[in-house]
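Going down the list, the protein sequences come from chains A and B.
Quick note: the first sequence uses my numbering, first residue 1, plus one each step.
Quick note: the second sequence uses my numbering, first residue 1001, plus one each step.
Using N, Cα and C, we set each Cβ at its ideal position, and we do this for glycine too.
Notes for the one structure printed next.
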Amino acid sequence: MAIVLHPSKAAAVNPLKMSQPLGASYAFLGMNRCMPVMHGSQGCASFGLVLLVRHFREAIPLQTTAMNEATTIMGGLDNVEKAVLNIRSRAKPDLIAICSTGLTETKGDDVHAYLQLIGQKHPELADTPIVYVSTPDYIGAFQDGWANAVSALIETLVPAGQQKSPRQINILPGCHLSPADVEELREIVQSFGLVPLVLPDLSGSLDGHMSEEFSPTTMGGTTLAQARNMGASVATIAIGEQMRPCAERMQQRTGAPFVLFDRLTGLEANDRLLAWLSELSGVPVPAKWRRQRSQLQDAMLDAHFYFGGKKVAIGAEPDLLWTLANLLQEMGCEITCAITTTQSPLLEKMPAAQVIIGDLEDLEKGAAGCDLLVTHSHGRQAAERLHIPHYRAGLPMFDRLGAAHKLMLGYRGTREVIFEIGNMFLADLHHAAATPQAWPLPEATLKAVADATNSLQ
Amino acid sequence: MILTAKVQDVFNEPGCDKNQGKSEKERKKGCSKQLAPGAAAGGCAFDGAKIALQPIVDVAHLVHGPIACEGNSWDNRHALSSGPLTFRTGFTTDISELDVIYGGEKRLYKAIKQIIEQYDPPAVFVYQTCVTALIGDDIEVVCKAASAKFGKPVIPVQAPGFAGVKNLGNKLAGEALLDYVIGTAEPDFTTPYDINIIGEYNLSGELWQVKPLLDAMGVRVLACISGDARYREIAYSHRAKAAMMVCSKAMINVARKMEERYQIPYFEGSFYGIGDMSDSLREIARLLVRQGAPEAILARTEALIRAEEARAWERIEPYRQRLQGKRVLLITGGVKSWSVVAALQEIGIEIVGTSVKKSTKEDKDRIKEIMGDEAHMIDDMPPREMYKMLKEARADIMLSGGRSQFVALKAKMPWMDINQERHHAFAGYEGMVTLVKEIDKTLHNPVWAQVRKAAPWDGTCA
């Protein structure tokens, strides 16, 4: 049980958090042939774009309604209209996905109404579905934006009352899963003879592949046809507490029950997933996963020497924090400092004394005396100042290669995380090597010895 | 002296009761048991020699042999240095097929030349190995020639692997020091408080857990043979007033022969365990006084022991309840079996078994003394038996060397390294606090509950 502390300081120093619209746009990037749009000033989209480009090292389709001072005051109807028309004619996407920003939310643009007006005015737009989600920058954080966007996608695209397809299930991954994680989960589900539909599917769009053509929209991800078929699934898997509202929304619309996995990193967490899949499908757990389970057990044993008693400071969004804090705790670490970005029911249950909704300054303070810093790439300066190793987790990861392929899910993903962090502890051993001054005697002992000598004289 | 004669000489050890208890004929056979092919474990004589001398930090250790001897084994121990790091560089002649045919002496000579030119160490230690011994490379002659040519000590270490086991290698390494190093230099000054510590390798910095205690007593370590040692220190170590022999019988020949040649009395002691540490400090003080040091050191020592024992117990106390009644299976060699047994019993840990495979008769007597007649002494426990014992949960944790770690881990039982590959220092009062902390950390790691859990789709324990 953790005490949850809210920020009391005026300025966030070295922010950990990123905004809702960016999280929403990130979700839309998992839709095939989609053009995400931020309804705001150019800068909103540009910053988000640069951050995602640095993280994935890929071209990121992300448009803007390019609001300026005048259009903001007058209302953004014209800009949204022009943006939608331009995108439809130039990029010809299957889906236009719009999120609001702090600017347009402050003004109070009613984008739902705008879209109705625009649709009436331009019947030709009927061939291009448009999804809209309200994501003010000043509320919540990245993972909230993601979840809200997925809810909007379900609301707009998934039909109610479809004929059930007995082996088809829905997967709603949280934003803390990488494209590699989604890929792994899909493979696990398929191995039970089930047909997964993933929403949104970053493994198709941002998995860093070479493509034959160039497109201004996303290439790969959940297709419209797949999204529209999700009502036929017999169940839904959601990963991460952030996805609970989405899973509930899906259940309401389709009537299919959902199961939520709070995390899929860790031995028991994956046991639960496989047991559930086996029960649902009637297929015994395939030998491949049994083998990987035993490999993970072995990895945990080999690695625990280096984790035991280590003090770790983690800065991450609630679901990622939950995932890493629990794994590290299970390996024998002590979570000395836990910093997160936004509210979540998980915070109180975190395996730490307290969780601060704070920034990297809080993390740096709390990480003093720790053996490891875990956070996204912006933590690197803190780690340098503290002279402790820095395990990069979360988005953005701009100073390392392979963000898209970082696997944390499944027995295999868990094993990889354990090895990677364990290797950091190992590499750091030489810093901890003893010196002749490592074990000084305290003053009291030296005084006792001196007194003994003096009393003889 | 040729190798067989040297080995004979080493086997004739008046300082060893067990050795002296044997008949003339038995003594000739040596003190190491014949190894059973197909059922042997443990290092060779070369390994033992390297272990004993490698901690001399400022010299170059050159292994004359094929790549296996050094290439497969270097940089695998945690002897620490407070200064030079030359000892951590792996040097080997890496002899080729042609060297085997034509002899490797020239290559060895060139290797010594290269090392002296490039690294300029105060000395080079040259280790003989099986292949080069077999083809008849005379490293003593090469070392002598190189030494004359380059004006630096080049020390031959005659301990090829096939000469015997690790323990013999330790002793042969000691012989090299006695023959070529000890007594070849003079210290700048001496004090009545100068001691040698023999058989302490400063693994993970253990010497530094003890040294502050000696500093507080006013005792100077003239030379540690060989942890964190400089070549010169060993060269002038014959001027010490007393010596402590740490690692049981590993270097008893060095201690005894230094007593014979230089009248340096020695005692056998241990830095492991609170009581043993105190006993060792007392004995050092007592020996020094016997050698003429002022008696005030005795009071200083008692004051130090009182203060540090109290401080250690205070720091251990929080763990007593958490560890009380935990059962430990101790698989290790020689001195560690009794010194660690005593230390663990001090905090209420139950020893369900201890290995005595490498222990001497005295070691076994000590164990009996500490554990009573109930002592579960295990002479030679095959891994399968260890596994069974752990799997059946007749022990809560195994403390052993790295070789048997996987026996414990595959049985999903806690294991801790107390041998030379370990990363933690367990010497002195500090070390016991660390040992207890580490046992607690290992035993209570949540990983055990995790890995012992059966998969939900298997009803039975995985």
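Cβ pair residue i, residue j closer than 8 angstroms
i, j, result
"A59/A", "H405/A", "no"
"S1204/B", "H1061/B", "no"
"E1175/B", "V1059/B", "no"
"T341/A", "L16/A", "yes"
"L346/A", "D262/A", "yes"
"Q20/A", "A45/A", "no"
"G315/A", "G379/A", "yes"
"M1377/B", "V1352/B", "no"
"Q1450/B", "M300/A", "yes"
"E1295/B", "G1325/B", "no"
"V1210/B", "A1312/B", "no"
"I1274/B", "M1244/B", "no"
"M250/A", "I171/A", "no"
"E416/A", "P318/A", "no"
"T336/A", "V355/A", "no"
"F425/A", "D371/A", "yes"
Of the listed residues the options, nearest to residue i (C-alpha basis)
i, options, result
"G30/A", "W146/A, L103/A, S134/A", "W146/A"
"T223/A", "R380/A, L62/A, N32/A", "N32/A"
"E69/A", "V37/A, L103/A, G309/A, I87/A", "L103/A"
"L1409/B", "H1376/B, V1221/B, G1218/B, P1383/B", "P1383/B"
"N1196/B", "T1434/B, K1110/B, A1229/B", "A1229/B"
"I1135/B", "A1163/B, G1104/B, G1161/B", "G1104/B"
"R1394/B", "S1400/B, G1402/B, A1411/B", "A1411/B"
"V1126/B", "L1390/B, I1112/B, E1308/B", "I1112/B"
"M1413/B", "K1388/B, E1430/B, G1431/B", "K1388/B"
"E268/A", "R1452/B, Y1262/B, A1223/B, D1188/B", "R1452/B"
"A235/A", "A227/A, E241/A, G221/A, V259/A", "V259/A"
"S141/A", "E124/A, T254/A, S344/A", "Note on residue identity: the sequence assigns Ala, not Ser, to residue 141/A. Nearest of E124/A, T254/A, S344/A to A141/A, Cα basis: S344/A."
Chain-ordered neighbours of residue i on chain B, where CB pairs are closer than 8 angstroms
i, result
"A448/A", "A1303, L1304, R1306, A1307"
"M300/A", "V1447, Q1450, V1451"
"L267/A", "Q1450, V1451, K1453"
"D451/A", "A1303"
Residue i, buried or exposed, once every other Cβ within 10 Å from all chains shown has been counted against 16
i, result
"I3/A", "exposed"
"A1462/B", "Confidence at A1462/B is low in this model, with a pLDDT of 39, below 50, so the placement of that residue should be treated as unreliable; the coordinate-derived value is given next. Result: exposed."
"I1367/B", "buried"
"I1252/B", "buried"
"T1460/B", "At T1460/B, the pLDDT of 47 sits below 50, so the modelled position is not reliable; the number obtained from the coordinates is stated separately. Classification for T1460/B: exposed."
"D1075/B", "exposed"
"A427/A", "exposed"
"D144/A", "buried"
"S459/A", "Absent from the model: residue 459/A. The displayed extent of chain A is 1 to 457, so no value can be given."
"Q1114/B", "exposed"
"A450/A", "exposed"
"Q465/A", "Beyond the ends of chain A as shown, which are 1 and 457, falls residue 465/A; an answer cannot be given."
"D1276/B", "buried"
"S211/A", "exposed"
"N1072/B", "exposed"
"G369/A", "exposed"
"P284/A", "exposed"
Supposed close pair residue i, residue j - CB separation, criterion 8 angstroms
i, j, result
"V985/B", "L1304/B", "Since the first residue of chain B shown is 1001 and the last is 1462, residue 985/B is not available in this structure."
"L1323/B", "D1440/B", "6 angstroms"
"M397/A", "T265/A", "So it is not a contact: roughly 17 angstroms between Cβ atoms."
"D109/A", "G161/A", "Rounded, the Cβ-Cβ distance is 33 angstroms, inconsistent with contact."
"I1332/B", "I1418/B", "What sits at residue 1332/B in the sequence shown is Thr, not Ile. 6 angstroms between Cβ atoms; contact."
"A403/A", "F56/A", "6 angstroms"
"F997/B", "G1169/B", "Here chain B comprises residues numbered 1001 to 1462, so residue 997/B is not present and cannot be evaluated."
Proximal chain B residues relative to residue i, where beta-carbon distance stays under 7 angstroms
i, result
"S281/A", "By Cβ distance, chain B contributes nothing, its closest Cβ being about 12 angstroms from S281/A, past 7 angstroms."
"S191/A", "Within chain B, no residue comes near S191/A; the closest Cβ sits about 14 angstroms away, beyond 7 angstroms."
Where residue i meets chain A, residues with beta-carbon distance less than 8 angstroms
i, result
"S1082/B", "T435, P436"
"L1409/B", "D298, L301, D302"
Partner residues on chain A for residue i, Cβ-Cβ distance less than 9 angstroms
i, result
"K999/B", "The first residue shown for chain B is 1001 and the last is 1462, placing residue 999/B beyond what the model contains."
"E1430/B", "A438, W439"
"S1204/B", "A433, A434"
Closer than 9 angstroms at the beta carbon, the chain B residues around residue i
i, result
"G332/A", "K1441, T1442, H1444, N1445, P1446, V1447"
Residue i: contacting residues in chain A (beta-carbon distance under 7 angstroms)
i, result
"S1278/B", "Those do not exist, as S1278/B stays about 13 angstroms from chain A at its closest Cβ, beyond 7 angstroms."
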